[in-house]
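All residue numbers for the sequence shown refer to our numbering, where the first residue is 933 and numbers rise by one. First comes the structure, then the notes that go with it.
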Amino acid sequence: MKSLSSFLGPLSNTTEKTIQSQPIIFTLIILYQGLFSGNAIKIPQNLRYLFNSKIFRFMSLMLIAFSATKDIEYALISTVIFLGVMYAIKTPEERETQGII
């Protein structure tokens, strides 16, 4: 692994330092991973109805963000940024039918 580390070192060292020094960037990565890699299992019906609640969805996002930061303020800021980015990339039709969350 030393040769791989030597080869990727200039890129990985800078990237790792940036991510580790910026909790919001790390939290955005965790939010993305938590939301979009969730296709591996199907949500049980008893839990699915809770996701109809915008408050429950927002709190779920906050919990994912909090698990990354261990800081409520960073979790809140990261969640709001993440939702803003997701809203910005939605089509006008998606914005109308889905809203921000």
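All C-beta atoms in this analysis are idealised placements derived from N, C-alpha and C, irrespective of residue type, glycine included.
- prompt: What separation, rounded to the nearest whole angstrom, lies between the Cα atoms of residue 1032 and residue 949?
  reply: 32 angstroms
Classification of residue 996 by the beta-carbon crowding that lies within 10 angstroms, buried from 16 upward: buried
task: State yes or no: is the C-beta of residue 1006 within less than 9 angstroms of the C-beta of residue 959?
output: yes
task: Compare the beta carbon distance of residue 943 and residue 1014 with 9 angstroms and say whether it is the shorter of the two.
output: no
message: What would DSSP say about residue 944, mapped onto helix, strand or coil?
response: helix
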